[in-house]
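J.: Pasting in a structure now, in structure tokens, and then I'll have a few things to ask.
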Amino acid sequence: MTDRLTQLQICLDQLSDMFFASLSYVDQNHVAVRLTEGDEMLPDPDHNPPSEAEFKANLTELTSDIILKTKQILTIIDTLPGVGVSKEEQLKRIESLSQELAEVEKLKIQTLERKEKLGSIVDDLIVHVSEGIAQTRD
């Protein structure tokens, strides 16, 4: 599963695609109108627009899809961490997490040093045991 920011980006991309598809549909399927009374309507044999009822039904479906996607985006935004938290509270939280990270880093360094010491002790014990075994075989 993706994180919320990735989900938000995907939804925004989908919404922009939906806007483009809707505008393209309207551009390609609208009924031509005269701008002035003197304009002549030139027939276009390649243009077969849908009926007015079908056109309106398709527009309704497109707008419903856009509204649903917008609601989905708003829902994702509402679940983002930090929404409803002031800038000062966020800065305090960042400072607290930075201090916690520094403490964990110190503990990590201490643990790595202890690991090295224990590894050295184990190495010495292995050498000591192997020398003892070698002496008993002589």
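Each residue of the sequence shown is one higher than the one before, starting from 1 at the first, in UniProt numbering.
A virtual CB, placed ideally from N, CA and C, is assigned to each residue, including glycine.
For the alpha helix (DSSP H) containing residue 137, name the first residue and the last one.
T.: Residues 87 to 137.
J.: I need the straight-line Cα distance from residue 25 to residue 48, nearest angstrom please.
T.: In a straight line, the C-alpha of residue 25 is about 13 angstroms away from that of residue 48.
J.: With a cut-off of 8 angstroms on the beta carbons, I'd call residue 76 and residue 8 a contact; round off their distance for me.
T.: That pair is a contact at about 5 angstroms.
J.: What are the uninterrupted segments assigned as alpha helix (DSSP H) that are 4 or more residues long and contained completely in the stretch 62 to 87, given in chain order?
T.: The stretch 62 to 87 contains no whole alpha helix (DSSP H) run of 4 or more residues.
J.: Could you check what DSSP says for residue 52 in three-state terms: helix, strand or coil?
T.: Correct three-state label for residue 52: helix.
J.: In whole angstroms, what is the alpha-carbon distance linking residue 84 and residue 114?
T.: Each residue's alpha carbon lies about 44 angstroms from the other.
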